[in-house]
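**Student:** Quick one: structure below, then a few questions.
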Amino acid sequence: MNYQSTRNDACTASSAEAILQGLAPDGGLYSVRTLALLDFDWQETLKKDTFGMAVDVLTALLPDFSREEMTALVSAAYSGKFESDELTPSVALGDDTVLELFRGPTSAFKDVALSMLPRLITAAREKCGVSDEILILTATSGDTGKAAMEGFHDVDGTKIIVFYPHGGVSAVQQAQMCTQEGANVCVAAVEGNFDDAQSGVKKIFAAVSEGDLLAGKGVRLSSANSINIGRLAPQVVYYFRAYADLLARNVIKLGEKVDFSVPTGNFGDILAGWFAKEMGLPVGRLICASNANDVLTEFINTGRYDRRREFHKTISPSMDILVSSNLERLLFLMSGDAALVKQLMGELAESGCYEIPEGLFERLSREFWAGCCSDTATKGAIRQIWSEFHYLADTHTAVAWNVAQQYKAFTGSQSPVVILSTASPYKFPAAVLEALGEEAEGDEFAIMEQLHSITGVPVPKNLQGLKEKPVRHSTVLAKDDMLSFVLGKAGEKVW
-9 MNYQSTRNDA CTASSAEAIL QGLAPDGGLY SVRTLALLDF DWQETLKKDT
41 FGMAVDVLTA LLPDFSREEM TALVSAAYSG KFESDELTPS VALGDDTVLE
91 LFRGPTSAFK DVALSMLPRL ITAAREKCGV SDEILILTAT SGDTGKAAME
141 GFHDVDGTKI IVFYPHGGVS AVQQAQMCTQ EGANVCVAAV EGNFDDAQSG
191 VKKIFAAVSE GDLLAGKGVR LSSANSINIG RLAPQVVYYF RAYADLLARN
241 VIKLGEKVDF SVPTGNFGDI LAGWFAKEMG LPVGRLICAS NANDVLTEFI
291 NTGRYDRRRE FHKTISPSMD ILVSSNLERL LFLMSGDAAL VKQLMGELAE
341 SGCYEIPEGL FERLSREFWA GCCSDTATKG AIRQIWSEFH YLADTHTAVA
391 WNVAQQYKAF TGSQSPVVIL STASPYKFPA AVLEALGEEA EGDEFAIMEQ
441 LHSITGVPVP KNLQGLKEKP VRHSTVLAKD DMLSFVLGKA GEKVW
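Written out as structure tokens, the structure reads:
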């Protein structure tokens, strides 16, 4: 099974090559043509523990790796790094279920994929006979950066540069990144928002590919963002884990459909749910939950994608995104038409908007539902969840919960809903504390202790003492300086 660019049927790669390259040479994303034809027994997968599920899903999606190889990679990626071998536990919340994706080493959902990706890249490098060093470029809206550096630090044959929007992440997220240890890691703030950082990374890939700018340097680029299929594939696993948990609790019977509400920015996490559905899992509606940056809400409700709108800095900053890269992969998989996707992405780049054909919009509407949530409503959701269920939700989880309630009220659906909880509330302590009606005092690290004192919810170990760690990365760049910065770093043997 080969992968191909979403923009060109002739641009193909094996799964190992797709992982190494990250982005296709033409700027497209690597994708299979269809997931429905995979040889995959979803019912058998549900009987296994999380590690076994991961082996099944990843072997199906990344066929260059044998089951034996994948079993070893999964064990090396996850053993002893999460709070339990279950990785992503489920918690009942009234009629809904919360899927806790933040029980990993950096307290964010990205840990599930970014514990696995370095293992996949190292194995793919060996499988493809590549001797070049792999330089990972990543744009982050807050959580990807730390999780990526935690996964890649001191991994042989790799280096990683993370770009984040200056002033656009929480103080805790910034401290996590800027104190990161490792001889092969680098972090730089970019003047602008996440879309500026993300588009800058894509431009670097294009410039290096077109101009052969790294020729002779023994370095090649790859990505840790969910544009890399090796980053996206591990996220599919926890949809199976959630469904199996509902079966075990007798919430559902095998074959009954479950809806999933996903706080969505770059569209990778919710796309993983669609992968799971196409692989056979009885997923009902995928509920796309946005904050005030509601470009995806409009798109799913109208078929028109228009990034030409005001950018809002919100209390759910990991979703402050106007250009959702992984949407391109969904459009290709739903349409099967690389020429159409190339046309749409060209329109987005040139005019800032595009509109999909009616038939494609009809299918999108059957599979997805979308709603958005203001900061005020997000705080209200945090307060209500704590009051009714004594559960402390972060700002992104609260958006997903709020939109899930909108969905049930609008559609009358009686299907069980799983809400993806993507981060610890202690990564956004000021907003969470204020939502509970308390006045935040001091910096965010003092506020973490204040939040703990009021709620009794433990502070994750990886966040304790973060303030005392020395700052190791303090670079701030103009967005137009990103390429020269990367080329300079690529030429340095020692960082």
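Counting in my numbering, the sequence shown runs from -9 upward without gaps. Glycine included, every Cβ here is placed at the ideal spot set by N, Cα and C. Computed from a predicted structure; not experimentally measured.
Going along the chain, which unbroken runs of the alpha helix (DSSP H) with 4 or more residues stay wholly within the segment 122 to 200?
**Tutor:** Within the segment 122 to 200, the complete alpha helix (DSSP H) runs of at least 4 residues are 133 to 142, 161 to 168.
**Student:** Which residue from K369, P272, G432 puts its Cα closest to that of V408?
**Tutor:** If you number the sequence shown from 1, residue 408 lands on position 418. Measuring from the Cα of V408, the nearest candidate turns out to be P272.
**Student:** Among A360, A388, I375, whose alpha-carbon lies nearest the alpha-carbon of T368?
**Tutor:** Residue 368 sits at position 378 when you count from the first residue of the sequence shown. Checking every option, the nearest Cα to that of T368 belongs to A388.
**Student:** Roughly how many angstroms separate the alpha carbons of M335 and Q404, rounded to a whole number?
**Tutor:** Mapped onto the sequence shown, residue 335 falls at position 345. Mapped onto the sequence shown, residue 404 falls at position 414. Approximately 37 Å between the Cα atoms of the pair.
**Student:** Using C-beta distances below 8 Å, list every residue in its chain close to G84, excluding the 5 sequence neighbours before and after it, in chain order.
**Tutor:** Against the sequence shown, residue 84 aligns to sequence position 94. Result list for G84: E378, F379, in chain order.
**Student:** Are the segment 392 to 403 and the segment 272 to 290 touching, with three or more C-beta to C-beta distances below 8 Å?
**Tutor:** Counting Cβ pairs under 8 Å, three or more are found: they touch.
**Student:** Quick one: residues in its chain with C-beta nearer than 7 Å to the C-beta of L203, no 5 flanking neighbours on either side, listed in chain order?
**Tutor:** Taking the sequence shown and counting its residues from 1, one reaches residue 203 at position 213. Excluding sequence neighbours, L203 sits near A197, L477.
**Student:** Ignore the nearest five residues each way along the sequence and tell me which others in A173's own chain have a CB closer than 7 Å to its CB.
**Tutor:** On the sequence shown, position 183 is the one that residue 173 refers to. Contacts found: D144, W485.
**Student:** What does the Cβ neighbour count give for T128, buried or exposed, with the cut at 16 atoms within 10 Å?
**Tutor:** Here the question's residue 128 lines up with position 138 in the sequence shown. The residue is buried, with at least 16 neighbouring Cβ atoms inside 10 Å.
**Student:** Please return the same chain residues whose Cβ sits closer than 7 Å to the Cβ of L91, not counting the five positions on each side in sequence.
**Tutor:** Along the sequence shown, read from residue 1 onward, the residue named residue 91 stands at position 101. Taken in chain order, the residues that qualify are T78, F99, V102, Y228, L410, S411, T412.
**Student:** Taking the alpha-carbon positions, what's the V45 to E76 distance?
**Tutor:** For this step, residue 45 is matched to residue 55 along the sequence shown. For this step, residue 76 is matched to residue 86 along the sequence shown. Using only the alpha carbons, I get a separation of about 14 Å.
**Student:** What does DSSP give as the partner residue(s) for L467 in the beta ladder?
**Tutor:** As a first step, residue 467 is located in the sequence shown; it is residue number 477 there, counting from the start. DSSP output for L467 lists V180 as bridge partner(s).
**Student:** Is I260 helix, strand or coil when you go by DSSP?
**Tutor:** Within the sequence shown, residue 260 is the residue found at index 270, counting from 1. Helix.
**Student:** To the nearest whole angstrom, what separates the beta carbons of S4 and I124, a pair I think is in contact under 8 Å?
**Tutor:** Looking up residue 4 in the sequence shown gives position 14. Looking up residue 124 in the sequence shown gives position 134. That pair is no contact at about 16 Å.
**Student:** Apart from the five residues just before and just after A8, which ones in its own chain have a Cβ nearer than 6 Å to its Cβ?
**Tutor:** In the sequence shown, the residue the question calls residue 8 occupies position 18. Contacts found: Y(-7), Y20, I219.
**Student:** Using a threshold of 8 Å, state whether the C-beta atoms of L426 and A165 are closer than that.
**Tutor:** Taking the sequence shown and counting its residues from 1, the one referred to as residue 426 is at position 436. Taking the sequence shown and counting its residues from 1, the one referred to as residue 165 is at position 175. Result no, Cβ atoms of L426 and A165 do not sit closer than 8 Å.
**Student:** Could you tell me the boundaries of the alpha helix (DSSP H) in which T33 lies?
**Tutor:** For this step, residue 33 is matched to residue 43 along the sequence shown. It is Gln, not Thr, that sits at residue 33 in the sequence shown. Looking at the DSSP string, the run of the alpha helix (DSSP H) that includes Q33 is 32 to 35.
**Student:** Kindly indicate which three-state DSSP category I444 falls into: helix, strand or coil?
**Tutor:** As a working mapping, residue 444 is identified with position 454 in the sequence shown. I444 falls in the helix class under three-state DSSP.
**Student:** Since W376 is in the beta strand (DSSP E), which residue starts that stretch and which ends it?
**Tutor:** Along the sequence shown, read from residue 1 onward, the residue named residue 376 stands at position 386. Counting along the chain, W376 falls outside any beta strand (DSSP E), though it belongs to the alpha helix (DSSP H) covering 365 to 379.
**Student:** Tell me whether F257 is buried or exposed, calling it buried when 16 or more other Cβ atoms sit within 10 Å of its Cβ.
**Tutor:** Taking the first residue of the sequence shown as position 1, residue 257 is located at position 267. F257 comes out buried.
**Student:** Kindly indicate which three-state DSSP category P253 falls into: helix, strand or coil?
**Tutor:** The residue given as residue 253 occupies position 263 in the sequence shown. It is a strand residue.
**Student:** Quick one: what does DSSP say S314 is sitting in, helix, strand or coil?
**Tutor:** Walking along the sequence shown from the start, residue 314 turns up at place 324. The answer is coil: DSSP assigns S314 none of H, G, I, E or B.
**Student:** Do you know offhand how far V461's Cα is from V22's?
**Tutor:** For the purposes of this step, residue 461 is taken as residue 471 along the sequence shown, with counting starting at 1. For the purposes of this step, residue 22 is taken as residue 32 along the sequence shown, with counting starting at 1. Computed Cα separation, rounded: 42 Å.
**Student:** What are the boundary residues of the beta strand (DSSP E) that S411 is part of?
**Tutor:** The residue you call residue 411 lines up with position 421 of the sequence shown. Note, S411: beta strand (DSSP E), 407 to 411.
**Student:** In three-state DSSP terms, what is R(-3)?
**Tutor:** Sequence index remark: in the sequence shown, residue -3 carries index 7 (1-based). R(-3): coil per DSSP, three-state reduction.
**Student:** Based on Cα-Cα distance, which residue from G206, H386, M139, F301 lies nearest to S251?
**Tutor:** As a working note, residue 251 is residue 261 in the sequence shown. Closest by alpha carbon: H386.
**Student:** Taking the alpha helix (DSSP H) that R221 belongs to, which residues open and close that run?
**Tutor:** The count along the sequence shown starts at 1 and reaches residue 221 at position 231. Segment 219 to 238, the alpha helix (DSSP H) holding R221.
**Student:** Whole angstroms is fine: what's the gap from L236's alpha carbon to E337's?
**Tutor:** As a position in the sequence shown, residue 236 is number 246, starting the count at 1. As a position in the sequence shown, residue 337 is number 347, starting the count at 1. Computed Cα separation, rounded: 42 Å.
**Student:** Between which two residues does the beta strand (DSSP E) holding W359 run?
**Tutor:** Here residue 359 refers to the residue found at position 369 when the sequence shown is read from its first residue. Residues 358 to 362.
**Student:** Have a look at I126 and G12 and give me their C-alpha separation to the nearest angstrom.
**Tutor:** For the purposes of this step, residue 126 is taken as the residue at position 136 of the sequence shown. For the purposes of this step, residue 12 is taken as the residue at position 22 of the sequence shown. About 9 Å.
**Student:** For L244 and P406, what's the separation of their Cα atoms in angstroms?
**Tutor:** Locating residue 244 in the sequence shown gives position 254, counting from the first residue. Locating residue 406 in the sequence shown gives position 416, counting from the first residue. L244 and P406: Cα-Cα distance of roughly 13 Å.
**Student:** Looking only at its chain, what residues have a beta carbon closer than 8 Å to the beta carbon of C168, apart from the 5 residues adjacent to it on each side?
**Tutor:** The residue labelled residue 168 in the question sits at position 178 within the sequence shown. Closer than 8 Å at the Cβ level, and outside the excluded window around C168, lie V177, V461, R462, H463, S464.
**Student:** Tell me which residues share the same chain as L48 and place their Cβ nearer than 6 Å to its Cβ, disregarding the 5 neighbours each side in the sequence.
**Tutor:** Sequence index remark: in the sequence shown, residue 48 carries index 58 (1-based). So the qualifying residues of the chain are M60, A223.
**Student:** When you compare only the Cα positions, how much space is there between A282 and D16?
**Tutor:** For this step, residue 282 is matched to residue 292 along the sequence shown. For this step, residue 16 is matched to residue 26 along the sequence shown. Distance between the alpha carbons of A282 and D16: 32 Å.
**Student:** So the alpha helix (DSSP H) Y68 belongs to, where does it begin and stop?
**Tutor:** By 1-based counting over the sequence shown, the position of residue 68 is 78. From DSSP, the alpha helix (DSSP H) with Y68 extends over 57 to 68.
**Student:** Report the rounded CA-to-CA distance for G206 versus E268, giving the unit in angstroms.
**Tutor:** The residue labelled residue 206 in the question sits at position 216 within the sequence shown. The residue labelled residue 268 in the question sits at position 278 within the sequence shown. So the alpha carbons of these two residues sit roughly 42 Å apart.
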